[in-house]
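Below is one structure, written out as structure tokens; the observations come after it.
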Amino acid sequence: MPKKLKTMKNILLFCLMIFTLKVNSQSFNEYEVPKINSFGLNLNELDLSNQKVNNDLKSILKKEQQRKSNKSTSIVLAALSVLTTTTGIIIVSKPKTVNEMDYLNEAGAYENLIGGFFIAAGVIEAGISIPLFFTSNKRKKERDKLIELYKE
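In terms of this note's numbering, the sequence shown has 72 at position 72, counting the first letter as 1, and numbering is strictly consecutive.
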């Protein structure tokens, strides 16, 4: 039993060492290096042993990823907003049949209700996409500030 326990301890120790190497890794993946270079930063000229430099470079990559995500979501929601609002306007503005007492028939009332829902959904989508677009621009400015710290 003690030999088995010793083997288990060695395996556990090895796994913990591998885990800490992965967590505390200060190197960049092969797909991160071209992204950093695309910002005009040369990794060979930066002191990568400095933790602040590493954290700033990781922050630049994170802000870029957040910026792209927010911008993509904003564009999709803006396009859906236009489509949904236009559909709602078309449904509401479609001529309805009126009975002899100048009331809309039941189908016309439901069409107006559905059109109103489409318009409301389009306005809500636009209301969500605009702040996302502004947040995307804010992340870009934050990223550019960090890049300027390390540009030559």
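Glycine included, C-beta positions come from ideal geometry on N, C-alpha and C.
Query	Result
Suppose you measure from the CA of L16 to the CA of S27; what does that come to, to the nearest Å?	19 angstroms
Sort K68, G116 and K96 by Cα distance to K138 and report the nearest one.	K68
Where S74 and M8 are concerned, what is the direct C-alpha to C-alpha distance, given to the nearest angstrom?	51 angstroms
Suppose you measure from the CA of I60 to the CA of N10; what does that come to, to the nearest Å?	38 angstroms
In this structure, does DSSP put G40 in helix, strand or coil?	coil
In whole angstroms, what separates the C-alpha of N42 from that of T135?	28 angstroms
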